[in-house]
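Written below as structure tokens is the structure these notes are about.
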Amino acid sequence: MLLREYWLNRISIFCAVLGVLLIGAYSMLESPKNISIAEISEQNIGEKVRVRGIVSFAKLKENVAIFGIESNAKIKCVIFNPGIDEKIILQKGNIVEVIGKVQRYKGSLEIVVEKVELLD
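Note that the sequence shown ends on residue 1580 in the working numbering; no numbers are left out.
As structure tokens, then:
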């Protein structure tokens, strides 16, 4: 009986440590890649990226917000079902940080935004 409890304890500890390590590895893989807009290319399609720039235009509709950001280059960004806070942030001239996935749409690269923040 004691031997069984001993091995059960060891296996439990091993599984807990392994779980923590796997969660850490997954979070490292899912963290966005800091990249400049000019560096975004076909190789980044499907990757989560973090870019910063100035809002150059914004078309705000009920279910979608389409806006451009530029710093050393320009890229179009899309937010599906934007909240009021996001619509307020997306004013021409604001400096923003965008986190999202790069995709190709109608022949051009764009970012499908997961998060947008206003920078000072």
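Positions of the beta carbon are idealized from the N, C-alpha and C atoms, including for glycine.
Segments of 3+ residues assigned as beta strand (DSSP E) that fall wholly inside the segment 1511 to 1550: 1524 to 1530, 1534 to 1540
According to DSSP, residues forming a beta bridge with Ser1568: Tyr1565
Cβ contact (3+ pairs, closer than 8 Å) linking the segment 1482 to 1495 and the segment 1522 to 1530: no
Asn1504 versus Val1562: straight-line alpha-carbon distance, rounded: 6 Å
For Val1538, the nearest candidate out of Lys1521, Asn1532, Ser1487 (CA to CA): Lys1521
CA nearest to the CA of Lys1536, picked from Gly1513, Pro1542, Asn1523: Gly1513
Three-state class that DSSP yields for Asn1469 in the structure shown: helix
Pair within 8 Å by beta-carbon distance, Asn1541 and Ala1498: no
Nearest to Asn1554 (by Cα), restricted to the options Val1515, Leu1482, Tyr1466, Val1477: Val1515
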